[in-house]
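Protein chains: 2
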Amino acid sequence: MSTTYKKPGVTVDCVVFGLDEEDLKIILIERGLEPFKGRWALPGGFVHIDESLEAAAMRELREETGVENVFLEQLYTFGDVDRDPRERVISVAYYALVNLSGHKIKAATDARSAAWFSVDDIPKLAFDHNRIFDVALKRLRGKVRYEPIGFELLPEKFTLGQLQRMYEKILEQDIDKRNFRKKILGMELLKELDEVQMDVAHRAARLYKFDERKYRQLKEKGFNFEI
Amino acid sequence: MSTTYKKPGVTVDCVVFGLDEEDLKIILIERGLEPFKGRWALPGGFVHIDESLEAAAMRELREETGVENVFLEQLYTFGDVDRDPRERVISVAYYALVNLSGHKIKAATDARSAAWFSVDDIPKLAFDHNRIFDVALKRLRGKVRYEPIGFELLPEKFTLGQLQRMYEKILEQDIDKRNFRKKILGMELLKELDEVQMDVAHRAARLYKFDERKYRQLKEKGFNFEI
DNA sequence: TCAAAAGTGTTGAGCGTACACCCATGC
DNA sequence: GCATGGGTGTACGCTCAACACTTTTGA
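Top line first, the protein sequences correspond to chains A and B. For the first sequence, our numbering assigns the number 1 to the initial residue and increments by one for each residue that follows. For the second sequence, our numbering assigns the number 1001 to the initial residue and increments by one for each residue that follows.
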């Protein structure tokens, strides 16, 4: 049955988002081979016959960027007939959220170079990767409002100021400080720590942790996170 | 490069939702071949080498159920290594919304039989199709709240009562009639027609149409649909 | 002492929610 | 005339949005 059909190739591609003090960024890889040799591209590659799609995405991420143990979620599957000039290739795209201060710009393990690019300044990419990136950014902007995934972009311990700036950068809008703090603290999803920031040239802010366990409890009871 | 890897098979599977006076339903197909011969399954099949994923989903829908020209959206891609007992197969799942009164229960064009099943009464399906169905139902329940996709389940001209019952069936909760009407009419997305229901054993209700054009205009201005 | 960010409450407006009765039609 | 769904308004509580000054710390 299936052997009577020519099979398409299957790849995974990853849009890895990171946040620093300036910008929301993604990781790009410089291609060392044709097609699109020298062009920037999303990290990714072919799915092995004995690994799941998510395992393939994690493997490519580790091999090409050194990124490991991060939030990873399937984005969309791109299957236009001519998206790869060589042959028919279907790409299952994933997006990842990493804490950029924890994952400093790492070189790829092979010869290709990896770098962080601001989402406002993405060059022309290989294949249909610009489109994949657009879908990923749109998904992040939509999802960050009603699921507490934004915490994945911050260090484990963070200040309310960092949290607010994270939302301001992703959503590209200013947020009122007092209203934001009232709302986020009112959800009771943050554990207030007995620690404050160190080495800052102004009043040190209190540190908080996201309470994953409590979120799951509330969610089961019908609570909906919303910014 | 890619030729050094064994390729997985790629299929599409479709969860086709329809609504009638009783229930939210999906179409299932009785399998005529091994594996899972005689078991019910989602309509679907292998993606041809020269057709896009969406085209494959539309073709399978037409061939197996006679359904055409309906709302169709990609759901998720299922790629566990052992989801097909024969060989490695990756399935790109889609979900469709059809107006059940317009698409009466059609037999499949080939020997296999197709039938509507209430979502509350889905049998044990072939492959991982129960899981695909679960994801589809969850997606529909989530998405119907903040995108006006529910109209796809109704005839072009519908009453406010039909619209409300559609939401009540999908969301499995009662809605206050006066508040619902106030809210939905307040959005100004419905065109009130100069027509009323025919042949009903009670006061005939006014008919409305969803104003697709107006929705797109409002959406561009930042309007968010929400039930 | 200056710069830079942290921290903190109140008010008004708009929105969501709860709630009960009369109307029109076919049988 | 009865059964069935269609159609309608108000009042209350809560949430959201707007808004400015004092505190702490390091340089």
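Beta carbons: idealized from backbone N, C-alpha and C, even for Gly. Treat the numbers as computed from the prediction; the structure is a model and nothing was measured.
Check: Taking just the CA atoms, how far does residue 1137 of chain B sit from residue 1089 of chain B?
Finding: 23 Å
Margin query: Within a Cβ cutoff of 7 Å, which residues of the same chain sit near residue 1108 of chain B, ignoring the five residues on either side of it in sequence?
Written below: Low confidence applies to residue 1108 of chain B: its pLDDT is 48, below 50, so where it sits in the model is not reliable, and the reading given next is rough at best. Only 1029, 1064, 1065 and 1114 meet the Cβ criterion.
Note to self: Could you give the first and the last residue of the continuous alpha helix (DSSP H) run that contains residue 1134 of chain B?
What the structure shows: 1129-1146
Next item on the list: State yes or no: is the beta carbon of residue 52 of chain A nearer than 8 Å to at least one beta carbon in chain B?
Entry: yes
Margin query: Using a 10 Å radius around the Cβ and a threshold of 16 neighbouring Cβ atoms, would you call residue 1193 of chain B buried or exposed?
Written below: exposed
Margin query: Which same chain residues end up closer than 6 Å to residue 1070 of chain B when comparing Cβ atoms and leaving out the 5 residues on each side of it in sequence?
Written below: 1096 and 1098
Check: Residues of chain A with CB under 7 Å from residue 1143 of chain B, in chain order?
Finding: Within chain A, no residue comes near residue 1143 of chain B; the closest Cβ sits about 11 Å away, beyond 7 Å.
Item checked: Buried or exposed by the 16-neighbour rule on C-beta atoms within 10 Å, applied to residue 1001 of chain B -> Confidence is the limiting factor: at residue 1001 of chain B the pLDDT is only 48, short of 50, which leaves the residue's position unreliable, though a coordinate-based value still follows. Counting Cβ neighbours within 10 Å, residue 1001 of chain B comes out exposed, since fewer than 16 surround it.
Check: Using CA coordinates, which residue listed in B:1020, B:1011 and B:1013 is at the minimum distance from residue 1150 of chain B?
Finding: B:1020
Notebook entry, point to check: Roughly how many angstroms separate the alpha carbons of residue 155 of chain A and residue 135 of chain A, rounded to a whole number?
Noted result: 25 Å
Item checked: 7 Å Cβ shell around residue 1166 of chain B - same chain, five flanking residues per side excluded -> 1019, 1150, 1153 and 1154
Check: In the structure shown, what three-state DSSP assignment does residue 78 of chain A receive?
Finding: strand
Notebook entry, point to check: How do the region 197-213 of chain A and the region 1118-1128 of chain B stand: do at least 3 beta-carbon pairs fall below 8 Å, yes or no?
Noted result: no
Check: Counting only runs that start and end within the region 1011-1075 of chain B, where is the beta strand (DSSP E) found for 3 or more residues in a row?
Finding: 1024-1030 and 1044-1046
Notebook entry, point to check: Smallest Cα separation from residue 120 of chain A: which of A:22, A:14 and A:191?
Noted result: A:22
Checklist line | Closer than 8 Å to chain A by CB, residue 1015 of chain B | finding: no
Next item on the list: Pull up the distance between the alpha-carbon of residue 1111 of chain B and that of residue 1031 of chain B, whole angstroms please.
Entry: With a pLDDT of 48 at residue 1111 of chain B, under the threshold of 50, the modelled position of that residue is not reliable, and the figure given next carries that caveat. Roughly 9 Å separates the two Cα atoms.
Notebook entry, point to check: Along the region 60-86 of chain A, what residues have a CB closer than 7 Å to any CB found in chain B?
Noted result: 74, 76, 77, 79, 80 and 81
Note to self: Per DSSP, what are the beta-bridge partners of residue 1097 of chain B in this structure?
What the structure shows: B:1017 and B:1071
Checklist line | Boundaries (first-last residue) of the alpha helix (DSSP H) holding residue 154 of chain A | finding: It is not in any alpha helix (DSSP H) - residue 154 of chain A carries neither H nor E in the DSSP assignment.
Note to self: Between residue 1149 of chain B and chain A, is any beta-carbon pair separated by less than 8 Å?
What the structure shows: no
Item checked: Listed by chain order, chain A residues near residue 1092 of chain B by CB distance under 9 Å -> 77, 79, 90 and 92
Notebook entry, point to check: Can you tell which of B:1042, B:1025, B:1092 and B:1198 has the C-alpha that lies nearest to the C-alpha of residue 1158 of chain B?
Noted result: B:1198
Next item on the list: For residue 33 of chain A, count neighbouring Cβ atoms within 10 angstroms of its own Cβ and tell me buried if that reaches 16, exposed if not.
Entry: exposed
Item checked: Cβ of residue 1010 of chain B within 8 Å of any chain A Cβ -> yes
Notebook entry, point to check: alpha helix (DSSP H) containing residue 1212 of chain B: first to last residue?
Noted result: 1212-1220
Next item on the list: Identify, in the order they occur along the chain, each residue of the same chain with its Cβ nearer than 7 Å to the Cβ of residue 35 of chain A, setting aside the five sequence neighbours on each side.
Entry: 85 and 86
Notebook entry, point to check: Is the CB of residue 1006 of chain B under 8 Å away from at least one CB in chain A?
Noted result: yes
Next item on the list: Give the single residue among A:122, A:67 and A:132 whose Cα lies nearest to the Cα of residue 13 of chain A.
Entry: A:132
Next item on the list: Establish whether the CB of residue 49 of chain A and some CB of chain B are separated by less than 8 Å.
Entry: yes
Item checked: Given 8 Å, three or more beta-carbon pairs between the region 1056-1063 of chain B and the region 1039-1047 of chain B -> yes
Check: Which value, in whole angstroms, describes the spacing of the CA atoms of residue 43 of chain A and residue 79 of chain A?
Finding: 18 Å
Next item on the list: Within 10 angstroms of the Cβ of residue 1140 of chain B, are there 16 or more other Cβ atoms? Answer buried if so, exposed if not.
Entry: buried
Notebook entry, point to check: Candidates A:190, A:195, A:9 and A:61: which alpha carbon is nearest residue 218 of chain A's?
Noted result: A:190
Note to self: Helix, strand or coil, according to DSSP, for residue 165 of chain A in the structure here?
What the structure shows: helix
Next item on the list: Indicate the three-state DSSP secondary structure (helix, strand or coil) for residue 209 of chain A in the structure shown.
Entry: strand
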